[in-house]
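Position 79, counted from 1, in the sequence shown is what our numbering calls 80; the numbers after and before it change by one each time, with no gaps.
Worksheet for the structure shown next.
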Amino acid sequence: MKRVIIELVAAIVAGAAAVWCWFGAQTVVTVAPILEGEPQTTSVAYSPPMLVLMLLLATVAGVLTVVGVTRLIAVGRAGSAAVTPATGPVATSGPF
Numbered sequence: 002m003k004r005v006i007i008e009l010v011a012a013i014v015a016g017a018a019a020v021w022c023w024f025g026a027q028t029v030v031t032v033a034p035i036l037e038g039e040p041q042t043t044s045v046a047y048s049p050p051m052l053v054l055m056l057l058l059a060t061v062a063g064v065l066t067v068v069g070v071t072r073l074i075a076v077g078r079a080g081s082a083a084v085t086p087a088t089g090p091v092a093t094s095g096p097f
């Protein structure tokens with residue numbers, strides 16, 4: 002159970018870090034006018050290394066979430082399929 006908690010907390014931390022990287026990758030820049038007399042405009046530029054880091058962290062968060070939830074379900078099934086007083090051990094089907 003301790004491993005499940007560690008995996009789910011790590012998934013939350015990786016997800017929060019991915020969001021932080023996404024907002025850190027954005028920079029507002031001023032774009033010079035194309036024609037003389039036109040006003041300047043602004044645009045958003047993205048930092049490619051920060052976007053790659055964000056994608057990596059989001060992937061890690063997703064994998065840890067799936068693995069943690071799968072282990073949590075397995076622990077729940079193992080706990081509920083232990084021994085019943087009337088019938089003895091309960092047979093389960095599948096890998097869990």
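For glycine and all other residues, C-beta sits at the position ideal for the given N, C-alpha and C.
- Contact between the region 5-20 and the region 33-50 is not established, with fewer than three Cβ pairs separated by less than 8 Å.
- Excluding five sequence positions before and after residue 69, the CB atoms of its chain that fall closer than 7 Å to its own CB belong to 5, 8, 9 and 12, given in chain order.
- Here residue 56 is exposed, its C-beta having fewer than 16 other C-beta atoms within 10 Å.
- For the region 15-75, not one full-length alpha helix (DSSP H) segment reaches 4 residues or more.
- Straight through space, the alpha carbons of residue 58 and residue 50 are spaced by roughly 12 Å.
- Take the alpha-carbon of residue 79 and the one of residue 26: they are about 44 Å apart.
- For the 8 Å CB-CB criterion, residue 28 and residue 48 form a contact.
- Closest in C-alpha terms to residue 21, from the list 43, 44, 2 and 52, comes 52.
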